[in-house]
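Novice: Just passing along the structure, written as structure tokens.
Protein chains in written order, with the working numbering: chain A, 2 to 211; chain Z, 2 to 211.
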């Protein structure tokens, strides 16, 4: 059985958790509490020397640590309930929109958070090297988040789901963007009604509250 | 037949061009000279209102404008000579390494270039909105490029290609990172011999000089 090394409060492992839930893939979960620094423990370093979550371990011990990697594996190994499309045109649209959710949404929030949070001094980028915070980048991140919500609301005025007529990984990523934005006190505006209605529908899915 | 709207001197459309070449897909090419501002012309706006290259147009008039979108389409529609792997484990590894090439390589160079070039004042990010340059971000981009070359050299000391035993889209992206780095006066160090040897092999492929 698959094992997901997860942290129930963090946005990045939530992407893998929601992917597993939407596809209905049985797995075990091991909680790694980032607030207690459990990702730095000797025992977790043996699983993922990069000290990040998520990590997805297969039954024969192979460990995957990037969301792009985990998604590609799960889509290929468990092709039922596809989240990256079936036809070439669907696959293209979902790849496009998921990329936009990552670059224009997740990245903007990460910039706003990591360049402003006192707890992340010298940790403005993830990974093994330290980088100092750039306050202007935190400000720019906030502008980008506002632009992102504006664009996503416009998109959802004419599309039921982020990438088209069906639920896809782009909806997972976008859901996490909207919820993660609260960490930097950002949220959709009240008049972005298409975005708010879509988010309400996402909250009704069983995968949302997991 | 497919039509690629290309610019022979720019890194982003080169990703689509090399993908088409490696897969041996027949197509027509229309050159859009970014230095002459041809992407802003009325005629090109009708193809791609976003005014960017690459744009890939299908015979029935559908236009794709993001590299992730173009790659997903070409892999699904032309499955021969796969560039994103065949088995679930290959697909996972290639998705991981291509993501790293994009986030740690291409993004670092874009930050170094767009936040320092006088020609890109107020154009520190692509897209329809203007963002002012952040000089500290250009500096950080240079540090990230150096770290990227160090990590990629370490990887290629134990792997023939970026994502494993076979050529993949991760090699296309990495090739473009190495060549694009020259735009910001960055290059692998002389002692990064595994990276330099790999780049020499990439230059020998017919897709390189196209």
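Every residue, glycine too, gets a C-beta built ideally from N, C-alpha and C.
Residues of chain Z with CB under 8 Å from residue 146(A), in chain order?
Specialist: Neighbours of residue 146(A) on chain Z: none; closest Cβ ~12 Å, over 8 Å.
Novice: Where does residue 185(Z) land, buried or exposed, given buried means 16+ other C-beta within 10 angstroms?
Specialist: Buried, because 16 or more other Cβ atoms sit within 10 Å of the Cβ of residue 185(Z).
Novice: Do you know offhand how far residue 199(Z)'s Cα is from residue 161(Z)'s?
Specialist: Between residue 199(Z) and residue 161(Z), the C-alpha separation is close to 8 Å.
Novice: State the DSSP-derived secondary structure class of residue 27(Z), mapped to helix, strand or coil.
Specialist: Three-state result, residue 27(Z): coil.
Novice: Three or more C-beta pairs under 8 Å: does that hold for the stretch 127–134 of chain A against the stretch 22–35 of chain A?
Specialist: Taking 8 Å as the limit for Cβ pairs, the verdict is that the stretch 22–35 of chain A does not touch the stretch 127–134 of chain A.
Novice: With C-beta atoms as the reference, is residue 68(Z) less than 8 Å away from residue 6(Z)?
Specialist: The answer is no: Cβ separation not under 8 Å.
Novice: From this set, 17(A), 3(A) and 125(A), which residue's C-alpha is nearest residue 60(A)'s C-alpha?
Specialist: Ranking 17(A), 3(A) and 125(A) by Cα distance to residue 60(A) puts 3(A) first.
Novice: I need the straight-line Cα distance from residue 95(A) to residue 163(A), nearest angstrom please.
Specialist: Approximately 8 Å, taken between the alpha carbons.
Novice: According to the Cβ coordinates, are residue 113(Z) and residue 143(Z) closer than 8 Å?
Specialist: Yes.
Novice: Could you list the residues in the stretch 127–138 of chain A with a C-beta less than 7 Å from some C-beta on chain Z, going in chain order?
Specialist: Cβ contacts with chain Z: 130, 132, 135, 137 and 138.
Novice: Let me check one thing: in DSSP terms, what residues is residue 46(Z) bridge-paired to?
Specialist: The partner list for residue 46(Z) (beta bridge, DSSP) is empty, contrary to what the question assumes.
Novice: Check each residue of the stretch 74–87 of chain A: if its Cβ is closer than 7 Å to any Cβ of chain Z, include it; give the result in chain order.
Specialist: So the close ones are 74, 77 and 78.
Novice: Can you name the residues of chain A whose CB is closer than 8 Å to the CB of residue 69(Z)?
Specialist: In chain order: 96, 97, 99 and 100.
Novice: Please report whether the beta-carbon of residue 24(Z) lies at a distance below 8 Å from any beta-carbon of chain A.
Specialist: Chain A contact via Cβ: absent.
Novice: Within the 8 Å Cβ cut-off, does residue 117(A) reach chain Z?
Specialist: So no, residue 117(A) is outside the interface.
Novice: Determine whether the Cβ of residue 89(Z) lies closer than 8 Å to any Cβ atom of chain A.
Specialist: Answer yes: the Cβ-Cβ gap between residue 89(Z) and chain A drops below 8 Å somewhere.
Novice: By alpha-carbon positions, which one of 180(Z), 155(Z) and 188(Z) ends up nearest to residue 203(Z)?
Specialist: Nearest of 180(Z), 155(Z) and 188(Z) to residue 203(Z), Cα basis: 180(Z).
Novice: Mind checking who residue 58(A) pairs with in its DSSP beta bridge?
Specialist: DSSP lists 4(A) and 64(A) as partners of residue 58(A).
Novice: Is it the case that the Cβ atoms of residue 80(Z) and residue 78(A) are separated by a distance below 8 Å?
Specialist: Cβ distance not < 8 Å, so residue 80(Z) and residue 78(A) don't count as in contact.
Novice: Tell me whether the stretch 103–110 of chain Z and the stretch 37–54 of chain Z touch, counting them as touching only if at least three CB pairs, one residue from each stretch, are closer than 8 Å.
Specialist: Contact fails: fewer than three Cβ-Cβ distances are below 8 Å.
Novice: What residue from 128(A), 206(A) and 123(A) has the CA that sits closest to residue 40(A)'s CA?
Specialist: The candidate whose alpha carbon is nearest that of residue 40(A) is 128(A).
Novice: Does residue 70(Z) pass the burial test, meaning 16 or more other C-beta atoms within 10 Å, or should it be called exposed?
Specialist: With 16 or more Cβ atoms within 10 Å of its Cβ, residue 70(Z) is classed as buried.
Novice: Compare the C-beta of residue 141(A) against all C-beta atoms of chain Z and say whether one is closer than 8 Å.
Specialist: Answer yes: the Cβ-Cβ gap between residue 141(A) and chain Z drops below 8 Å somewhere.
Novice: Rounded to a whole number of angstroms, what is the C-alpha to C-alpha distance between residue 10(Z) and residue 18(Z)?
Specialist: Between residue 10(Z) and residue 18(Z), the C-alpha separation is close to 12 Å.
Novice: Check the Cβ of residue 92(Z) against every Cβ in chain A and list those closer than 8 Å, keeping chain order.
Specialist: Within chain A, the residues near residue 92(Z) are 73, 74, 76 and 77.
Novice: Comparing alpha-carbon positions, which option in 75(Z), 35(Z), 83(Z) and 109(Z) lies nearest residue 146(Z)?
Specialist: For residue 146(Z), the nearest C-alpha among the options comes from 109(Z).
Novice: Have a look at 192(Z), 188(Z) and 93(Z) and flag the residue whose alpha-carbon is nearest the alpha-carbon of residue 170(Z).
Specialist: Checking every option, the nearest Cα to that of residue 170(Z) belongs to 93(Z).
Novice: CA-CA distance, residue 157(Z) and residue 124(A)?
Specialist: Going by the C-alpha atoms only, they are around 27 Å apart.
Novice: Can you list, in chain order, the residues of its chain whose CB lies under 6 Å from that of residue 58(Z), leaving out five sequence neighbours each side?
Specialist: 4 and 64, listed in sequence order.
Novice: Residue 65(A) versus chain Z: which residues are under 8 Å apart at the beta carbon?
Specialist: Per Cβ cutoff of 8 Å: 93 and 97.
Novice: Using only CA atoms, which one of 21(A), 62(A), 22(A) and 98(A) lies nearest to residue 178(A)?
Specialist: Cα-wise, what sits closest to residue 178(A) is 98(A).
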